[in-house]
Structures are given as structure tokens and as C-alpha cells.
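Which chain is which? The protein sequence lines are B and L, in order.
All letters in the first sequence, in the order written, are residues 82 to 561 by this note's numbering.
All letters in the second sequence, in the order written, are residues 56 to 228 by this note's numbering.
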Amino acid sequence: MKLLAGSLTLVGLVFLLIGFNTDYSSHATEGHADAVAAHSEDHVEAVESAPVATHAEATHAEEVHAEENHAAEGHDAHAVEGHDDHAAEGHEDMGHEAEGHEAAGHDGHGASHDLSANRPWAAFLVNSIFFLGIGIGTLFFLAIQYAAQVGWSAGLIRVFEAVSMYVGIPLLGILFLAVTGGMHMHHLWHWMAEGIMDPASANYDPIIAGKEGYLNVPFFIIRTLAYLVIWAGAAYLLRRNSLREDALPAGQNLFFTQRKLAATFVVLYAVTSSTSAWDWVMSIDAHWFSTLFGWYTFAGMFVTAMTVLNLLVMYLRINNHLPWINANHQHDLGKFMFAFSVFWTYLWFSQYMLIWYSNIPEEVTYYLPRFKGEFKPLFVAMVAMNFIFPILVLMSRDAKRIFGFIGLAAFFVLAGHWLDHYIMIMPGAVGYDYGFGFAELGGILFYAGLFLWVTLSQLSKAPLKLKNHPMLTESEHFHQ
Amino acid sequence: MAHTTEPTPVVRALYHDDDVLISAVKEIRAAGYKISEVYTPFPVHGLDKAMGLKETRIAMAAFMYGLLGLTVAVTLTWYMMISDWPQNIGGKPNYNWGMNMPAFVPILFELTVFFAAHLMVWTYLVINGLYPGADAQNPDPRTTDDYFMVELPAADGLVDVLKKSGAVEIAEA
């Protein structure tokens, strides 16, 4: 296993290197016509719903005008060849085209700003966030077990600990992205672009400049560091105390220490889960905001973690490493996977429907490329994979106890949530220069390899059964 | 009501503790007797398994009821909001059902849950003979307080097994 983990990491690294050295701008020639068609169509709709949108800048107004004319030629005029010249200079800002409706900021991304250069960085962010979900979701779950003094899962605590120890690695990946972004090696987070906060600059964007108090590079890096310290620190402390408790002769002296620690972490995480989602994901579309975004991201991360835990416990059970864990425990983990898939859907829909219903330009911009543009098939597939598959596969009681069903559901949920993060990040970060290549695959292999490495070596470092946990007997006798 | 055949005499054994009850049920079944019913003042965890009851099919029924509710909701929203009397609400598309679907999701959800929950309760009550107006089937009111009763058809050697299993009172009826 160690060999597999190591080789996965290495292959991933190589792929990442290839990915970072690939020129992605080649994609810009194809798919233009419909991108622009979608663009103009969207635009007209948004303009209709907000007739007084402030198209102040003359150049911008002209552009809008041109697009309106295109659309006015009739909706079946999508493939009109005349689009191409417009596409040449309009495509680059496709990712932020949505924001263009607000007039301001549109000129912020001129033709000089080539979003395709962001592609490998964006791919790395997608993978960082996805794999971070596994670590932080499990850490949160572990903390709840202590904070609520849960009985059934006591025999699984070591598994949770091993997975949560992984949380620091994707966080380091994100920190790397934040620092390189601050050094202007990429502009994954568009608000980091030069001059965007400077009224004298051609890049000036008053809306983003208004958020300077929160969205500035030093504070951004400080926040990322704070998440790293709080999250990885909590994982480390919970693990250390648990190992120390094993070494004690008897009793559960550290149990209540663990409980306090876990409760403190849960409170801190309640805040940092939201702010981290705003920072790393929502601020990519810096004009747009959603109050539900933190929970929405958290729900996706938690499902990912539950799914990975299910798979890991399944693997350990098949190999007879957990003889005190039976189908009832697996069933409960399956319930979490099922329930939080539904919870994720609920939050997803809550965010979507309110925006769809109110149809305010400043909000609806987020869903235009995702639900009307090129991302639509991916978006629909993602919702189906994250909702319909788990709900149908895992609804029955027996399915949550059968490895085949759990595996099947897990595959769809993991792929679906990877895609969910992909769709959260890509439209804003690279526009329509998206794809699935070495950068994406490399990131997956890299992080998956590290995940296996960290988790399995942590699992092998300590006995898989705690010695002094007060709920251990309850966990062994757990049944439904 | 006249019976065409003689009713089989039943034996009723009372127990005073749920743990004793569970082990008694296991012993009685291990000795080869069939238990027809157990009356308890509260749900006893693990009793269904000890009695060897069939797995409930209410989950499948609930799923079907949910699908029925979903179908009703789709039909309802389509007929009222699209087909019969289309209305312009906030400029939302009312040309066909699919375009306006997001607005209907709360209704789809609610009716699915409503149908699944209500029909499930009614199915449960009817199948168990607990519908309103049904006669009480409890042979001994003490099982609503602090006694547990096992009811089974009379058979040879049964009383010894029951006594050994910890029954505090055995009666034939």
C-alpha cells in the first residue's frame, strides 16, 4: 500500500508538472461560437430583467449593444458567423462576463487578461478543496463524536483520527496557491489582479475596491494560515491526547479534556468553515456573494468525508482489521452519507432557487455560465450524481449494509462532489478555457497518493482500538 | 360468533422484566414452540429479532407512497399553473412545466413527504388492526403498565419451559 501511495503521489506530481507547463490558450479557438451565443442570450435576459443596469462606460455600452443586436436577429441566429470577430476580444473575459452586467468591472478584464493561464492553478485549487473536504469533514465528525459523547462510533475513533491528520496537506496546497497568487504568479482570485483597487489604474474595479478591507493579500494569507493552525492543530491535539490516553494505566482522565477541545474546535469551525469557503471559493467571483455559500461548501465537504470514511471502514473490515465493527456501524456511516447528500441538495437548491426566483443581475450572474452557458451539462450531471444516485442507491436499509451498494454510491458521490467543486471554481477562474487534462488528473493522483500515505501510516502507528475510551463497550454492543 | 372448529387454547405467560422477557422468548423458541404474540407496555429493543419476525415491508410501501405523492404534485402543479390557468408570477416562464420547475420543487417535496408519511401511518394502523374504532386486543390490562405477556398456543410440556424461563404467572385461556 505504501508503494502504491508513493507511486500515486509521484505520478501525480509528474502530471502536475506537465499540467503546469501546458499552454491552455489553444482551447480558445473552439467552442467560441456557442459560447458567444450563450453569452448574448444570457445578456439579453439579464438586461431585460434589469432595464436600468448602469451601463456607464461608453465602450461597455457599445459592447452590450452589439450583443443585443446579435440576439435581436432572432434566437436561432446562434451560429451566425459574424460572432467570431467579437469573440476574438470578448472571449477572454468570458469567465467574468457575468459580472459584466454590472457594467463596472467589465473593463477590468481587458484582452490583456488571459484567463487560460489560470487553468493549472484552478485545477490545483479544485483538487485542494476536494481533498481538504475529506480531512476537514472527518475532523469535524471526530470532534462531534467527542463533543456529543457519542457511543456507537467509539470503536472507529482511530480511523477518524487517521483521516483527520490529513487535513494539513491540502491546506498547505491552498496556502501555496494563496502565496503564489499574492506574488501575481496567477490570478485565480481575480481581486488579486494588479491595480484593481487603484482608482488611477485601467484595471480599477470600484466594487472589488469596496471590499478591500477583507479581500487583500496579507489578510487573505493570514486567514489561510489561521485555518491551517486551527484545523491542523485541532487534529494534532485530538490525536495526541487519544494516544496519551492509551498509555495511561486505566481510567479516562483525558476524555473530558478531549471533549472541551472538540467543543472549542466545533465553535471555531462554525465560523472558519464559512469564512474559508468565502475566501477560497466564493471570492473567485468577487462581485457575487451568497450568504449560504459557507454551509453549501461545508455540506459538500462533509458528504465527501463521510463517503471516504465509508470506503475506508469497508476496506478495513474486508481485511479484518476491525473485528469489533459490524454491519450496524457501517449502516450508520451509510446513513450519514445518505442524509448529508440530501442536506447538500437542500442547501444547493436553497441557494439556487432564491437566486433563480429573484433574478437580480448581481446575484444571477453566478448561475448564468453554470446553468445557461457551456457548464450546463456538467452542472445538471453533478446535481444528478450528488442527489439522485445516492438517494436511490442508499435509500433502502439493506443497501447501506452491502459493500457493493456502498461502493457504487460512493463512486458517484465522490465524482459528483469533485465536479461540484470544479463547477464552483472553474467558470470564475478560467472562464470557458476549462477541460480535464494533466493538471486536473495530476492533482487528483497527487492528493490521493498523499491521502493514502498519511492515512494508512497513521492507522498503522497506533492500535486501531482505543484502550480507555469510556464508550468502547457501548460501541461493541451497538446494534439496531 | 360461531367457530366451525374448536378454538385452540392459548397459554399466556406474564413476565416482570424486559430482559427476562427477551431471554425467555429466545428459550421458548429454542425449545421449539411458536410464539403467536407478545404484549409489552413499551417497545422492547431487539424483541422483533428475538421473536424472529419477518422484516417489515413498510419501507417499500413508503417509497411507493412517496412516488405517488410526487406524481400527484407534478400533475397538480402542471394542471393548475401551466395548463388550466397560466399566470405571470414575477416574470417566471409559464410556457411549460419544465421551465417553471424550480418554483414547484417545494410543492413536489412537501407532497412527497405528505403522502409518504400519512399513507404510511394509515397502512401501519390498518395492517396492525389499530385503526380508530378497532376493538382493544389486549388480553390483560397489566401489560399496559409493568408486565410483559407472551401468548402462544397450548402444547405439551410448555408450562415447564415457561416456568423455567422466568414467567411470574401462567394462565390458559
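Just so you know, even glycine gets a beta-carbon here, dropped at the ideal spot from N, CA and C.
Beta-ladder partner(s) of residue i, from DSSP
i	result
Phe203 of chain L	L:Tyr70
Glu224 of chain L	L:Leu69
Tyr94 of chain L	L:Met204
Contact with chain B by residue i, beta-carbon distance below 7 Å
i	result
Pro157 of chain L	yes
Rounded straight-line distance, which links the Cα of residue j to that of residue i
i	j	result
Arg197 of chain L	Gln411 of chain B	39 Å
Glu110 of chain L	Tyr438 of chain B	44 Å
Asp103 of chain L	Asp327 of chain B	38 Å
Trp177 of chain L	Val80 of chain L	29 Å
Ile436 of chain B	Phe379 of chain B	20 Å
Phe452 of chain B	Val207 of chain B	19 Å
Ser91 of chain L	Ile182 of chain L	16 Å
Ser541 of chain B	Ala315 of chain B	21 Å
Ile487 of chain B	Thr338 of chain B	35 Å
Pro96 of chain L	Leu69 of chain L	12 Å
Asp188 of chain B	Ala198 of chain B	Bear in mind that a pLDDT of 36 at Asp188 of chain B, under 50, signals an unreliable position, so the number given afterwards is only what the model happens to contain. Distance between the alpha carbons of Asp188 of chain B and Ala198 of chain B: 19 Å.
Leu213 of chain L	Lys89 of chain L	10 Å
Gly236 of chain B	Thr554 of chain B	9 Å
Leu253 of chain B	Tyr120 of chain L	49 Å
Trp312 of chain B	Gly381 of chain B	18 Å
Leu547 of chain B	Leu76 of chain L	34 Å
Ala105 of chain L	Met204 of chain L	15 Å
Phe417 of chain B	Arg112 of chain L	23 Å
Met135 of chain L	Pro141 of chain L	7 Å
Ala343 of chain B	Ile217 of chain B	13 Å
Leu459 of chain B	Tyr427 of chain B	19 Å
Ser245 of chain B	Val535 of chain B	10 Å
Asp286 of chain B	Phe370 of chain B	16 Å
Lys457 of chain B	Pro450 of chain B	8 Å
His502 of chain B	Val494 of chain B	12 Å
Phe301 of chain B	Gly294 of chain B	10 Å
Trp133 of chain L	Met466 of chain B	26 Å
Residue i Cβ short of 6 Å to the ligand MG heavy atom set
i	result
Asp139 of chain L	Looking at this structure, you won't find the ligand MG or any other ligand, since it has none at all.
Supposed close pair residue i, residue j - CB separation, criterion 8 Å
i	j	result
Thr446 of chain B	His558 of chain B	About 55 Å separates the two Cβ atoms, so there is no contact after all.
Ile469 of chain B	Ala203 of chain B	Incorrect: roughly 28 Å between the Cβ atoms, too far for contact.
Phe527 of chain B	Thr90 of chain B	6 Å
Phe532 of chain B	Phe96 of chain B	Rounded, the Cβ-Cβ distance is 16 Å, inconsistent with contact.
Phe170 of chain L	Gly124 of chain L	3 Å
Ile255 of chain B	Gly523 of chain B	Ile255 of chain B to Gly523 of chain B, Cβ: 17 Å. No contact.
Arg482 of chain B	Ala408 of chain B	4 Å
Gly214 of chain B	Thr385 of chain B	4 Å
Leu207 of chain L	Val66 of chain L	6 Å
Asn549 of chain B	Leu329 of chain B	6 Å
Trp429 of chain B	Tyr377 of chain B	6 Å
Any chain L beta carbon closer than 7 Å to residue i
i	result
Trp437 of chain B	yes
Met434 of chain B	yes
Arg340 of chain B	no
His177 of chain B	Confidence is the limiting factor: at His177 of chain B the pLDDT is only 41, short of 50, which leaves the residue's position unreliable and the question unanswerable from this model.
Test: residue i CB closer than 7 Å to a CB of chain C
i	result
Ile277 of chain B	Checking the listed chains, one finds no chain C in this structure; the protein chains it contains are B and L.
- Decide yes or no for the touch test of the region 252-265 of chain B against the region 222-235 of chain B: beta carbon pairs closer than 8 Å, at least 3 of them. Segments in contact, no.
- Task: Determine contact between the region 173-190 of chain L and the region 146-161 of chain L, defined as no fewer than three beta-carbon pairs at a distance below 8 Å.
- Result: Cβ pair count under 8 Å is below three, so no.
Check your understanding: For the 8 Å Cβ check, are there 3 or more pairs between the region 406-423 of chain B and the region 473-480 of chain B?
Key -> The answer is yes - the region 473-480 of chain B touches the region 406-423 of chain B, with three or more Cβ pairs under 8 Å.
Below 8 Å, how does it come out for the region 235-243 of chain B and the region 387-398 of chain B: are there three or more Cβ pairs, yes or no?
The region 235-243 of chain B is in contact with the region 387-398 of chain B.
*Cβ contact check for the region 299-306 of chain B and the region 245-260 of chain B: 3 or more pairs under 8 Å*: At 8 Å Cβ cutoff, the stretches touch.
- Item | Three or more C-beta pairs below 8 Å linking the region 497-515 of chain B and the region 355-368 of chain B | In short, these stretches touch, since the Cβ pair count reaches three.
Next item on the list: Flag this pair as touching only if the region 353-363 of chain B and the region 393-401 of chain B have three or more C-beta atom pairs under 8 Å; answer yes or no.
Entry: The way I'd put it, the region 353-363 of chain B doesn't touch the region 393-401 of chain B; fewer than three beta-carbon pairs between them come closer than 8 Å.
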